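Notes to accompany the following structure.
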Amino acid sequence: SNETFVGIVAFSSSLVAVLIAMGCVSSRKQSEVVVNVSLDKGAVGAAAAKLIATEAKEAIRDRGRFTVAFSGGSLPKIVGPALQELKLQGTDKWIVFFSDERCVSLDDGDSNFKSVQDHVLTPLGIKLENVVTIDSKVASKPKEAAERYEEELKNRFPGEATPSLDLILLGMGPDGHTCSLFPDHPLLQESKRLIAYIENSPKPPPGRITFTYPLLNNAKGVAFISAGASKASALKEVMSEKDPLKKLPAGRIIGKVQWFVDKDAASELPAEAIKFGEKPEGKEVAAESKL
370 SNETFVGIVA FSSSLVAVLI AMGCVSSRKQ SEVVVNVSLD KGAVGAAAAK LIATEAKEAI
430 RDRGRFTVAF SGGSLPKIVG PALQELKLQG TDKWIVFFSD ERCVSLDDGD SNFKSVQDHV
490 LTPLGIKLEN VVTIDSKVAS KPKEAAERYE EELKNRFPGE ATPSLDLILL GMGPDGHTCS
550 LFPDHPLLQE SKRLIAYIEN SPKPPPGRIT FTYPLLNNAK GVAFISAGAS KASALKEVMS
610 EKDPLKKLPA GRIIGKVQWF VDKDAASELP AEAIKFGEKP EGKEVAAESK L
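If you use my numbering, the sequence shown corresponds to residues 370 to 660, in order.
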């Protein structure tokens, strides 16, 4: 079944206040999280692909292009086939970034670029000149790779001190990490750089570059795509932890945030954290939770 159940949860104002104080978000922006729960991974991909298609169409209509960032992991495999099925128009106006990247060659099996190329870019006919990757010449040097990536990112957004991407697509690990922002890591406090580097990643490979919160929290929209029982505990904590300083990395992103998860990932969500059958602005949807 492709039925998707929708719930909303509002983020506390204390998180926004703390992130402003830390410099991880520039203004007191409203934050609301929408959780879309689907029955299986295929339905998760279909629901997320519809959002991507809608955001792309609106961005191209309003601004002449669609700026989108992809993550690696299982995300390209989940959304890629669903995006292909939509037979999208206007993909020549997509500008594709990577919310994090492993510091390996672009054809390496660990490369997020390679995964996104195989499952999204090539099938959708997106040209490489519209894809912003790490510079392969410095792929083995995380610090230089991050500096060059930030420079290239800013070049694509002339006149914007902090670029505002139309949509950032993120995954979440079982430990609650997102991008290459890991629990208790100093990068969670980064407030100056838009792209940071990490040389001691808890997950291999150790060298990576990553979007930071000032960039993530300035996006027009963020969508998390996560499936599987291994994500259930982290998702529960993301939705229920009230102390901003104890929040997992995936829980520190504010603004217009949507989650696309399957019933296994949503299996531990507490009743007080999510209400099924409602959409923002109080519009009812004709679905009830069968989870």
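Quick reminder that beta carbons are idealized off the backbone N, C-alpha and C, glycines included.
Only a predicted model underlies this, so the values are computations on that prediction, with no experimental measurement involved.
Tell me, which residues are paired with phenylalanine 435 by DSSP?
Here residue 435 refers to the residue found at position 66 when the sequence shown is read from its first residue. Trp463.
DSSP beta-bridge partners of leucine 550:
Here the question's residue 550 lines up with position 181 in the sequence shown. For leucine 550, which the question treats as bridged, DSSP gives the partners Thr547.
Considering alanine 514, what are the terminal residues of the beta strand (DSSP E) in which it resides?
The residue given as residue 514 occupies position 145 in the sequence shown. Per DSSP, alanine 514 belongs to no beta strand (DSSP E); it is in the alpha helix (DSSP H), 511–524.
Lysine 426 versus glycine 459: straight-line alpha-carbon distance, rounded:
One-based indexing of the sequence shown puts residue 426 at position 57. One-based indexing of the sequence shown puts residue 459 at position 90. One C-alpha to the other measures close to 8 Å.
So, using beta-carbon positions, are isoleucine 447 and alanine 603 closer together than 8 Å?
As a working mapping, residue 447 is identified with position 78 in the sequence shown. As a working mapping, residue 603 is identified with position 234 in the sequence shown. Result no, Cβ atoms of isoleucine 447 and alanine 603 do not sit closer than 8 Å.
Taking one C-beta from the segment 559–578 and one from the segment 621–633 each time, how about it: are there three or more such pairs within less than 8 Å?
no
With C-beta atoms as the reference, is lysine 632 less than 8 Å away from leucine 408?
Within the sequence shown, numbered from 1, the residue matching residue 632 stands at position 263. Within the sequence shown, numbered from 1, the residue matching residue 408 stands at position 39. Going by C-beta atoms, lysine 632 is nearer than 8 Å to leucine 408.
Spatially closest choice to threonine 436 from Val507, Leu538 and Cys472, by CA coordinates:
Numbered from its first residue, the sequence shown carries residue 436 at position 67. Nearest of Val507, Leu538 and Cys472 to threonine 436, Cα basis: Leu538.
What separation, rounded to the nearest whole angstrom, lies between the Cα atoms of aspartate 544 and lysine 605?
Mapped onto the sequence shown, residue 544 falls at position 175. Mapped onto the sequence shown, residue 605 falls at position 236. Their backbone Cα atoms lie some 12 Å apart in a straight line.
If I'm right that glutamate 521 touches valine 501 with Cβ under 8 Å, what's the distance once you round it to whole angstroms?
The residue labelled residue 521 in the question sits at position 152 within the sequence shown. The residue labelled residue 501 in the question sits at position 132 within the sequence shown. Sure, about 5 Å apart at Cβ, within 8 Å.
Within a Cβ cutoff of 6 Å, which residues of the same chain sit near aspartate 487, ignoring the five residues on either side of it in sequence?
Taking the first residue of the sequence shown as position 1, residue 487 is located at position 118. There are no such residues.
Residues bridged to aspartate 469 (per DSSP)
As a first step, residue 469 must be located in the sequence shown, where it is residue number 100. BP columns for aspartate 469 point to Thr579.
Is alanine 635 helix, strand or coil by DSSP?
Sequence index remark: in the sequence shown, residue 635 carries index 266 (1-based). If DSSP states are grouped into helix, strand and coil, alanine 635 belongs with coil.
Compare the Cα-Cα distances from alanine 634 to each of Lys616, Ala619, Ser599 and Val607 and report the closest residue.
Within the sequence shown, numbered from 1, the residue matching residue 634 stands at position 265. Minimum Cα distance to alanine 634 is reached at Ser599.
Under DSSP, the beta strand (DSSP E) around alanine 592 begins and ends at which residues?
Your numbering for residue 592 matches position 223 in the sequence shown. In the DSSP assignment, alanine 592 falls within the beta strand (DSSP E) that extends over 591–595.
Just tell me which of Pro574, Lys410 and Phe551 has its CA closest to the CA of threonine 581.
Along the sequence shown, read from residue 1 onward, the residue named residue 581 stands at position 212. Minimum Cα distance to threonine 581 is reached at Phe551.
With distance defined between alpha-carbon atoms, name the residue in Asn499, Ala592, Asn587 and Arg562 nearest to alanine 422.
By one-based count along the sequence shown, residue 422 stands at place 53. The shortest Cα separation from alanine 422 among Asn499, Ala592, Asn587 and Arg562 belongs to Ala592.
Does proline 613 get closer than 8 Å to chain B when you measure Cβ to Cβ?
Included in the structure is just one protein chain, with no chain B present.
Please classify methionine 391: does DSSP put it in a helix, a strand, or coil?
Along the sequence shown, one-based indexing puts residue 391 at 22. Caution applies to methionine 391, whose pLDDT of 49 falls short of 50 and renders its modelled position unreliable; the value that the coordinates give is listed next. DSSP places methionine 391 in helix when its eight states are reduced to three.
Given asparagine 499 as reference, the closest of Gly576, Leu457, Trp463 and Leu444 once Cα atoms are compared:
Position 130 of the sequence shown holds residue 499. Of the candidates Gly576, Leu457, Trp463 and Leu444, the one whose C-alpha sits nearest the C-alpha of asparagine 499 is Trp463.
Measure from the alpha carbon of phenylalanine 467 to the alpha carbon of each residue in Ala415, Ala515 and Lys456, then state which is nearest.
Here residue 467 corresponds to residue number 98 of the sequence shown, with the count starting at 1. Taking only the C-alpha atoms, the option nearest phenylalanine 467 is Ala515.
What residue range does the alpha helix (DSSP H) around serine 407 cover?
One-based indexing of the sequence shown puts residue 407 at position 38. No alpha helix (DSSP H) contains serine 407, which is instead part of the beta strand (DSSP E) from 401–407.
With 16 other CB atoms within 10 Å as the buried threshold, where does glycine 351 fall?
Outside the modelled stretch of the chain, which goes from 370 to 660, sits residue 351, for which no answer is possible.
Integer-rounded CB distance, given that alanine 619 should sit under 8 Å from methionine 541
Here residue 541 is taken as the residue at index 172 of the sequence shown, counted from 1. Here residue 619 is taken as the residue at index 250 of the sequence shown, counted from 1. With a Cβ gap of about 4 Å, methionine 541 and alanine 619 count as contacting.
Return the residue from the list Pro492, Ser474 and Asp476 that minimises the CA-CA distance to leucine 457.
In the sequence shown, counting from the first residue as 1, residue 457 sits at position 88. Looking at the Cα atoms, Pro492 is the closest of the given residues.
Taking the alpha carbon of leucine 536 as the reference point, which residue from Asn481, Pro511 and Leu585 has its own alpha carbon closest?
Reading the sequence shown from its first residue, position 167 is the one you call residue 536. Comparing Cα positions, the closest option is Leu585.
Name the two residues that bound the continuous alpha helix (DSSP H) containing isoleucine 447.
Here residue 447 is taken as the residue at index 78 of the sequence shown, counted from 1. Start and end: 444–454.
DSSP three-state assignment for valine 501, whether helix, strand or coil
Within the sequence shown, the letter at position 132 stands for residue 501. Valine 501 falls in the coil class under three-state DSSP.
Would you kindly check if the distance between the Cβ of aspartate 469 and the Cβ of cysteine 548 is under 8 Å?
The sequence position of residue 548 within the sequence shown is 179, counting from 1. The sequence position of residue 469 within the sequence shown is 100, counting from 1. A contact, by the Cβ cut-off of 8 Å.
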